Amino acid sequence: MTKPKLTYFDAPASRGEECRLALHVAGIDFEDVRLKRPDWMGVKPNSPFGSVPFLEMPGQPPLGQSNAILVLIGRLNDLHPKDLFEAARHEALMCHAEDLRYAITPSMRMSDDEEKQKARAALANGYLPTWAANTEKHLSSDGPFISGTKMHVADIKLYLSVQWLASGALDHIPATVFDSYPKLNRVYDAVKNDARIRAWYAKS
Ligand SMILES: N[C@@H](CCC(=O)N[C@@H](CS)C(=O)NCC(=O)O)C(=O)O
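Just so you know, the numbering used here puts the end of the sequence shown at 1500, numbered straight through with nothing missing.
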């Protein structure tokens, strides 16, 4: 292997897309392995944690867990704060973004629509507004990014989290659920409009 290789599903979303974006923003030429669902079962047993994404760097064992991948890319490429306390603050927000995914995922496995509707209404009226309000407490008042004017990997993770909800892709959760959180939306807009992010979507 001569260049970094990132493995994820063939979808421009979630944990894999945030790692792809981080690698792209870092200016790293990487192999973008996009698995089709039927191929996953053959790969899963050899993946670091039985999950994707995972990152392979020349001369290193495969690395799993999206937050570890993002922090590594961030540290190697000046996309994660150098100050340890500021870095920990960003890592806390990244864990918070994972909490959001783990709160929503069970409803994605519900085949009974009534059960799903009930679970999603509870998310839309309780968990999600609280999640957004807690996020806002940790965003700089000046912005546009978490720490101010510089974009870091944690901003990219928050961007993907907001995009998921705002896309309206989740039945029974209004796409407007995060509309009244200006600092969160400011991070979302700033990442979306970053020239490097735009360049990624222009080519993909
Ligand atoms: N905590 C892990 C979670 C990874 C995870 O659950 N990935 C999902 C895709 S987003 C997955 O691998 N699903 C397939 C499976 O679990 O078999 C991370 O942040 O990377």
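Here a beta-carbon is modelled for each residue, glycine too, at the ideal position from N, C-alpha and C.
These numbers come from a predicted model, not from an experiment.
Counting only runs of 4 or more residues that sit fully inside the segment 1307–1336, the alpha helix (DSSP H) segments are 1310–1321, in chain order. A straight-line Cα-Cα distance of about 14 Å links Thr1303 and Met1297. Proximity of the beta carbon of Val1348 to ligand 1 is indicated: a heavy atom of the ligand is located closer than 6 Å.
Of the candidates Ser1436, Thr1426 and His1448, the residue whose Cα lies closest to the Cα of Val1487 is His1448. Around the beta carbon of Pro1349, 16 or more other beta carbons sit within 10 angstroms, so the residue counts as buried.
In the structure shown, Gly1422 falls within a helical segment according to DSSP collapsed to helix, strand and coil. Glu1432 and Pro1377 have their C-alpha atoms some 19 Å from each other.
Residues of the same chain with a CB within less than 8 Å of the CB of Ala1420, apart from the 5 flanking positions on each side, are His1468, Ile1469, Pro1470 and Val1473 in chain order. Rounded to the nearest whole angstrom, the C-alpha separation of Arg1311 and Ser1407 is 24 Å. If you check the CB distance, Leu1424 and Lys1479 do not come in under 7 Å.
Apart from the 5 residues on each side of it in sequence, Pro1354 sits with its Cβ closer than 6 Å to the Cβ of Met1297 in its chain, given in chain order. It is roughly 12 Å from the alpha-carbon of Phe1345 to the alpha-carbon of Ala1364. Annotated three-state conformation of Gly1338 is helix, per DSSP.
DSSP places Thr1401 inside the alpha helix (DSSP H), whose first and last residues are Leu1380 to Met1404. Taking a C-beta distance under 7 Å as the contact criterion, His1392 and Ala1450 do not qualify as a contact pair. Collapsing the DSSP output to three states places Tyr1304 in a strand.
Taking all protein chains in view, the Cβ of Phe1381 is surrounded by fewer than 16 other Cβ atoms within 10 Å, so the residue is classified as exposed.
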